[in-house]
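Worksheet: one structure, shown below.
Protein chains in written order, with my numbering: chain D, 679 to 1374; chain H, 679 to 1374.
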């Protein structure tokens, strides 16, 4: 797929120029200079020849077929030129020209026109408003970037052209190589998801690295992301996530930036590893690109200096990496290989006077150890330190063992030659221990993700007719909000237990219902016109006998009438009084990018004051629902503190999954919450006491 | 102070060698090579001359006075040599030789001997087990480090010698300079606090930068730290803070690493800025060393690329920095200076084709803006970007305005020359926006610290005699734990309100007391022998009338007798039943490094399940006590949610300050908690219901 980009037989540059200050020159000369082997056609009506190549006035004049065209001409000519590309049968077009969606509504209109033309001819577009693309496999540099990346196994894409140039420059400085290098621009046609999907089976790409400001299609992103991350890691920056940042996004690319919480959930659910800076992006990507996968979360640290060893240990604990307990044989081998003052416990400190040989013996011992999944090899330059030879020892061992080794040669001039040797052996180097540990932790998260079974969405039997009937009724009434009895009907139809509840039209009827239900009961004024019943004193809890029921009936009806004389009042609702150990909340909100986003948290103050809640994009699996429960901070309360019995978390999981199914099956639900869902002890189930839904 | 280190007139190297592989050669040649101007005396009985200098068999043979001696001889000769230094009248000695405290008890014994000798002669020691010291002001490199740092205004010390060499190497690579550079080693005599104190008035040092694994004397550290940070910033790594890390510290230097919580509190209270890695340490230090202070938390971002601008904005929000709202005149100036597609709102995007002139106009506009405290100047290399000239423009403006400017030139080869120009202008550069923002945030925290008034400890009138009497009584009984009535007596003596409470020896007496107090009451079995009364069902709450009091009296006494037949039973305690909106806990624990560490949190599950607590080292000020209350996550509950009235936080502050005074005045208290302190609505006070103290 997308071979017109990664393996075109011929490329036309529309707007090729012999003026070195023009982008049309830059693109053409990049294509030629960096060794592209296909045919190249400069297109420019005002020239016969550019850079030694015959030039054509229009793409239609090119005698042979053209696979890929790069457009670098003023905005007003782009549409006509694209039309000609279509007529010519061009398969892919890179539009470098800017001035479209990113400049406002007029540009947006012109961009829509480009999309229409491309669709009509079945052409795929990159851009507009981009730097171009670079492919080190095809040796094609169809961009105006000032340089060519080294070949490598990282496929990169960026929604910011300036970031492309910065990343390219950094990669050249640090000797990091790329397979594919894509500037996405405005993503009029091809977007990040298309490339993720394409690179899934790309044998030249081991890692996908992305800088994103927004997502084109949340649902497809989830599906493709989930699938592709099982084949290769995706490391991504999503910027513009904070509220201040979002403002900047809007003024920059016009992309609607989704809320941080939704992205957090989406990245979590798709196994995409989030990077917080370009530095992290590089640090993580080179670890994946150059080293074998990490098979466990237990690592070893080998160091020639105590201080950095401690710092690495601190960082491991913060990152959730464990220091492996070394096996008996390893400890024996280390004891033999190292001087008595050395520390043979992990972190293994080979001491400052360690020669390469001693360093190597220690490193090999821990690599052999079955408890060790990966190693961080630290070298601080000291008097006796031969950084180059230590690097060679590390490099050689890295070729012998199928475990990741990340280097941490600290310092600059003194260790530079050693770092170069590490690079030759494809052992990534990090200048401080914390960065090596962060990269190892990213490898751990990816290994854990590979263990996650494929997404399996359970299907529950819903009483779909009832739900449909309630929704129709509500709509027929011209309402959008559903609460009370109607909402309980919906819950019951989804299989979520609700308290027994009936409407009584008189005090006598109320007493009869209450006696049947058993005291105590809850009473609420029953009126379709009064939404916030507790605000007017229209809800009473814990009513214990017949007299109280009668009194309350009269009181609530009186209050309702006084509050809203014209309200239709049906009487009072008599409801079973549910008491339980815990109250939780399950909510849903429609995210503009990802659709239904389901929230879970403990009720009341935990949600309001502590914001102790978690989110998942629906639909989600049982495993993900279980994760939601355990990842809130207050989870220990559900597990039971001070000898209390644990809560029925299985019942919460069940409710979460049913809500997930409900909001997917009925996309007209734009908002809902069950608050509270009262949760009993393990095995005793849960009851949804109150629910509110909003339809679109 | 410590002029013998920073400005010695003469230096002897005991163990000077002409064998290039020996440290004694390295030290001597470093002293000579890097331009030390004083007299240098190699000491070695086996040589007449080394490196062109006359050599003496013993320091006693040197004809002139010696200010500073460096000892690099085998461990067994060190003590005798130090003794000779004393006889010679040497003022300071650097002991590079290792094999002391860090290798166990025998080494510890030898180290103690060195301390005794030094004290006898009034000599100050650096080390043992260190790399030496370097002073760029005196041009003295009395170390075996492989290089000399650039001169600069950062004073650095490290408890790890290997880290010294790594930092030195990095600093040379990045062009960062130092005034003083100290390897602390085992800190037998001079420790981090001595150097902090010394550098307070050092005109050559603008910033103090430290790598620490432990603190010599917590109380002095607090006092000196608090004071010195008002004169210059201190940036420090404290490693070995996590539990795994602490293990590594113990095996490394034998320093007892204090608990993470205590260090967090101590750094917070002294205004020391914590760095989490060597990278942060450098990043923050150069900002302080090279730029003027940041006067507000509102900054501006100027960028030639949208993506990095968004990333910087995201990072600002995470770090608590605000993007300044630009003044009308600034916006007008920007509108005039920039093309229409540019973004004139902060972040100011001058666009990818910006020439140095446009960049400069935008930068100067925001620098002039009174709302802007500091600027982050981002440059991503793009086709038209002239990094060198943009750097020059930034540099020139940095000399004109007294606001910090941090550069962020992204990339490597393309921007390297520009970064060099920034360095010449002393504008720090960070390769990614997040690091520039983190450095700016450190500057913000420091400016905020400078606003904090000097520590003022309030003094309350305690009934010291009562406290003393209770403690004496407890000790006389051979007990260490104080609870119940005795503890309430202590609380009352400290001025912390307690509920009315009396011991009744009979049911009749109990009823009489309860009637006087008013129902409901709390009853507890009164026995000095039963500590955990509620465990045996010995506590009853909410007792509402005389019959219940009589029944409860008999029940509790029966249970106590059954539980512990030999216990002395005084009867029952009758206590006022205190009900309040909130229960908080105030606790104290003795930290091995910092002494009394006071804890605050909401009671019950907030402490147990959510660990939502905060700490301060006692004594602390009213401001610090107020901070404790606002910094727990559940603070919003105290402030009042859902229209509830706020809690009486002033009463909590009062209780915290009284506890602070109590544990300082009575250092024999090693542990205590008031749990719960029941807090009423604002203005209504608080009551300490239960208290427990443990004496040493």
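C-beta atoms are modelled at their ideal positions from N, C-alpha and C, and glycine is treated no differently.
Min CB distance residue i to chain D below 8 angstroms
i                       : result
residue 889 of chain H  : yes
residue 989 of chain H  : yes
residue 870 of chain H  : no
residue 1354 of chain H : no
Contacts of residue i in chain D (Cβ-Cβ under 7 angstroms)
i                      : result
residue 954 of chain H : 1112
Any C-beta of chain H under 8 angstroms from that of residue i
i                      : result
residue 822 of chain D : yes
residue 827 of chain D : no
residue 939 of chain D : no
residue 936 of chain D : Note on residue 936 of chain D: pLDDT 42, under 50, position unreliable in the model; the coordinate value appears next. Chain H contact via Cβ: absent.
Distance between beta carbons of residue j and residue i, contact taken as under 8 angstroms
i                       : j                       : result
residue 874 of chain D  : residue 822 of chain D  : Going by Cβ atoms, the distance from residue 874 of chain D to residue 822 of chain D rounds to 25 angstroms, so no, they are not a contact pair.
residue 997 of chain H  : residue 1115 of chain H : 6 angstroms
residue 827 of chain H  : residue 814 of chain H  : 6 angstroms
residue 1273 of chain D : residue 918 of chain D  : Actually they are not in contact, since the Cβ atoms of residue 1273 of chain D and residue 918 of chain D sit about 20 angstroms apart, beyond 8 angstroms.
residue 626 of chain D  : residue 976 of chain D  : This structure gives no information on residue 626 of chain D, because the portion of chain D shown stretches from 679 to 1374.
residue 705 of chain H  : residue 844 of chain H  : Actually they are not in contact, since the Cβ atoms of residue 705 of chain H and residue 844 of chain H sit about 19 angstroms apart, beyond 8 angstroms.
residue 1027 of chain H : residue 1062 of chain H : Between residue 1062 of chain H and residue 1027 of chain H the Cβ distance is about 15 angstroms, and since that is not below 8 angstroms, they are no contact.
heavy atom of the ligand ATP below 7 angstroms from residue i C-beta
i                       : result
residue 1257 of chain H : Summarising the ligand content, the structure contains no ligands, and the ligand ATP is consequently not present.
Under 8 angstroms from the C-beta of residue i: neighbouring residues of chain D
i                       : result
residue 848 of chain H  : 1088, 1089, 1090, 1109
residue 986 of chain H  : 838, 840, 841, 844
residue 1188 of chain H : Within 8 angstroms Cβ-Cβ: nothing; residue 1188 of chain H doesn't reach chain D, min ~29 angstroms.
residue 957 of chain H  : 1109, 1110, 1112, 1113
residue 1020 of chain H : Residues of chain D passing the Cβ test: none, with the nearest at roughly 10 angstroms.
Rounded C-alpha distance that separates residue i from residue j
i                       : j                       : result
residue 663 of chain D  : residue 1352 of chain D : Residue 663 of chain D is absent from the model: chain D starts at 679 and stops at 1374.
residue 1239 of chain D : residue 1183 of chain D : 15 angstroms
residue 764 of chain H  : residue 778 of chain H  : 20 angstroms
residue 769 of chain H  : residue 757 of chain H  : 16 angstroms
residue 1196 of chain D : residue 1217 of chain D : 18 angstroms
residue 972 of chain H  : residue 1082 of chain H : 6 angstroms
residue 860 of chain D  : residue 1304 of chain D : 38 angstroms
residue 881 of chain H  : residue 907 of chain H  : 15 angstroms
residue 1144 of chain D : residue 1171 of chain D : 7 angstroms
residue 1112 of chain D : residue 1017 of chain D : 27 angstroms
residue 946 of chain D  : residue 746 of chain H  : 60 angstroms
residue 780 of chain D  : residue 811 of chain H  : 57 angstroms
residue 1167 of chain D : residue 1258 of chain D : 21 angstroms
Selection from the options that minimises the alpha carbon distance to residue i
i                       : options                     : result
residue 967 of chain D  : D:1056, D:751, D:911        : D:911
residue 733 of chain H  : H:1026, H:696, H:1040       : H:696
residue 1261 of chain H : H:739, H:1358, H:818, H:681 : H:1358
residue 1308 of chain H : H:1321, H:1199, H:1330      : H:1330
residue 1127 of chain D : D:843, D:948, D:902, D:1333 : D:948
residue 1244 of chain H : H:1136, H:1279, H:1208      : H:1208
residue 1253 of chain H : H:991, H:941, H:731, H:1198 : H:1198
residue 1025 of chain D : D:1206, D:987, D:1265       : D:987
residue 1354 of chain D : D:693, D:1175, D:1204       : D:1175
Residue i: contacting residues in chain H (beta-carbon distance under 7 angstroms)
i                       : result
residue 855 of chain D  : Residues of chain H passing the Cβ test: none, with the nearest at roughly 14 angstroms.
residue 1254 of chain D : In chain order: nothing, as chain H lies at least about 25 angstroms away.
Chain-ordered neighbours of residue i on chain H, where CB pairs are closer than 8 angstroms
i                      : result
residue 789 of chain D : Those do not exist, as residue 789 of chain D stays about 15 angstroms from chain H at its closest Cβ, beyond 8 angstroms.
Proximal chain H residues relative to residue i, where beta-carbon distance stays under 9 angstroms
i                      : result
residue 688 of chain D : Those do not exist, as residue 688 of chain D stays about 26 angstroms from chain H at its closest Cβ, beyond 9 angstroms.
residue 852 of chain D : 1090
Chain-ordered neighbours of residue i on chain D, where CB pairs are closer than 9 angstroms
i                       : result
residue 1059 of chain H : 824, 840, 843, 844, 846, 847
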